[in-house]
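Colleague: Using this note's numbering, the first residue of the sequence shown is number 837, and each one after it goes up by one. Glycine included, C-beta positions come from ideal geometry on N, C-alpha and C. Below you'll find the structure I mean.
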Amino acid sequence: QPCPAGSFCPAAAIVPTPCPAHTTAPPLSAEVRDCRAVAGYHHAGGDYGTAAVPCPRNTYCPPGSIAPVPCPQNTGSPLWDAWLPPVDASSCVALPGYFGPPGVPAEECPAGSYCPDGSLAPVACPAGTTSAA
């Protein structure tokens with residue numbers, strides 16, 4: 837029987853060997869190095885075929901990542917969430933004090949407004965209040 841996805845089958849193997857934690861491999865893989873990190877994880881040791889770990893905050897990890905990719909300037913990714921791991925730049929949203937669409941460098945919030953975490957646009961300060969840039 838062919839070697840199934842998520843495992844590898846060295847020559848003369850009788851049964852498939854599962855890939856290390858949080859990695860997968862295509863069908864017919866023959867070596868542990870064929871096991872690559874799933875989306876939201878990276879190979880902390882820098883080598884394919886090792887167990888993968890969650891992507892750290894303010895980075896993202898596409899499938900097969902050896903190392904996490906930093907978010908664009910003035911953006912960050914939220915704490916890692918197994919239901920919604922950071923897999924691409926769109927996982928990175930504006931940090932507090934900045935605004936803009938996900939996945940691109942964010943702009944500084946202008947005076948007279950405020951920008952909470954993930955702001956797409958500045959919010960005007962309430963009447964009678966202001967803010968510095």
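Compute the Euclidean distance between the alpha carbons of P922 and S901, then round it to the nearest angstrom.
Modeller: Position 86 of the sequence shown, counted from the first residue, corresponds to residue 922. Position 65 of the sequence shown, counted from the first residue, corresponds to residue 901. Taking the straight line from one Cα to the other gives about 12 Å.
Colleague: Would you check if the distance between the CB atom of S913 and the CB atom of G936 is smaller than 9 Å?
Modeller: The count along the sequence shown starts at 1 and reaches residue 913 at position 77. The count along the sequence shown starts at 1 and reaches residue 936 at position 100. Cβ distance not < 9 Å, so S913 and G936 don't count as in contact.
Colleague: Can you grab the Cα-Cα spacing for the pair F844 / C951, in whole Å?
Modeller: On the sequence shown, residue 844 is found 8 positions in, with the first residue counted as 1. On the sequence shown, residue 951 is found 115 positions in, with the first residue counted as 1. Whole-angstrom Cα-Cα distance: 49 Å.
Colleague: With H, G and I counted as helix, E and B as strand and the rest as coil, what does DSSP make of L960?
Modeller: Counting from one through the sequence shown, the residue named residue 960 turns up at place 124. One point to set straight first is that residue 960 is Ala, not Leu, in the sequence displayed. Strand at A960.
Colleague: Would you call G948 buried or exposed, if buried means 16 or more other Cβ atoms sit within 10 Å of its Cβ?
Modeller: Here residue 948 corresponds to residue number 112 of the sequence shown, with the count starting at 1. G948 comes out exposed.
Colleague: For A887, which residues of its own chain have a beta-carbon under 6 Å away from its beta-carbon, when the five flanking residues on both sides are left out?
Modeller: Numbered from its first residue, the sequence shown carries residue 887 at position 51. P856, A857.
Colleague: Per DSSP, what kind of secondary structure is A930 in: helix, strand or coil?
Modeller: If you number the sequence shown from 1, residue 930 lands on position 94. Correct three-state label for A930: strand.
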